[in-house]
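Numbering (my numbering), first residue to last: 2 to 108.
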Amino acid sequence: FQQQIDAQEKIMIGVNKYVEEDEQVDIPFLEIDDSVETEQLKRLAAVKRKRDGRRVAECLNAIRNACKKGDNVMPYCIEAVKSYATVQEICDVYREVYGEYRDPGIY
Numbered sequence: 002f003q004q005q006i007d008a009q010e011k012i013m014i015g016v017n018k019y020v021e022e023d024e025q026v027d028i029p030f031l032e033i034d035d036s037v038e039t040e041q042l043k044r045l046a047a048v049k050r051k052r053d054g055r056r057v058a059e060c061l062n063a064i065r066n067a068c069k070k071g072d073n074v075m076p077y078c079i080e081a082v083k084s085y086a087t088v089q090e091i092c093d094v095y096r097e098v099y100g101e102y103r104d105p106g107i108y
């Protein structure tokens with residue numbers, strides 16, 4: 002694809018056609034202070050302390066079993082979230098059961 006763009010076999014407006022040579026584009030980007038991460042981690046730790054850890058483990062195990070059986074996991078995910086399981090914990094169960102996708106890097 003990039004070779005086609007470079008050879009102008011494929012035209013992309015603003016990339017290899019109708020490009021202003023001296024155009025300087027200032028792209029703003031969002032900067033978030035490190036204190037935001039620290040505060041969020043504190044809040045997450047507080048939630049994990051207050052939740053019923055045994056109930057969370059039961060919900061995650063129910064998701065695991067549903068994945069292995071090929072059942073609909075949505076009701077189990079809803080219960081897990083209501084029990085304050087994190088998205089990361091739920092995704093960890095998916096990765097445990099299904100593995101993690103690895104891009105083969107081939108076009």
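Ideal placement from N, C-alpha and C gives every residue a C-beta, glycine not left out.
A distance below 8 Å between beta-carbons, with the five flanking residues on each side excluded, links I12 to the following residues of its chain, in chain order: K18. When only Cα atoms are considered, Q41 and V20 end up about 43 Å apart. Under the Cβ criterion (8 Å, minimum of three pairs), the segment 60-67 does not count as touching the segment 32-49. Under the 8 Å Cβ criterion, the segment 87-105 counts as touching the segment 54-62, having at least three qualifying pairs.
Exclusion of the five residues before and after A47 leaves no residue of its chain whose Cβ lies closer than 7 Å to its Cβ.
The beta-carbon distance between Y85 and R52, rounded to whole angstroms, is 4 Å. This is short enough to meet the 8 Å contact definition. When the five nearest sequence neighbours on each side are left out, the beta carbons in the same chain lying within less than 7 Å of the beta carbon of I6 are those of M13, V16, N17, in order along the chain. Note on geometry: alpha-carbon atoms of D35 and V94 lie some 29 Å from one another.
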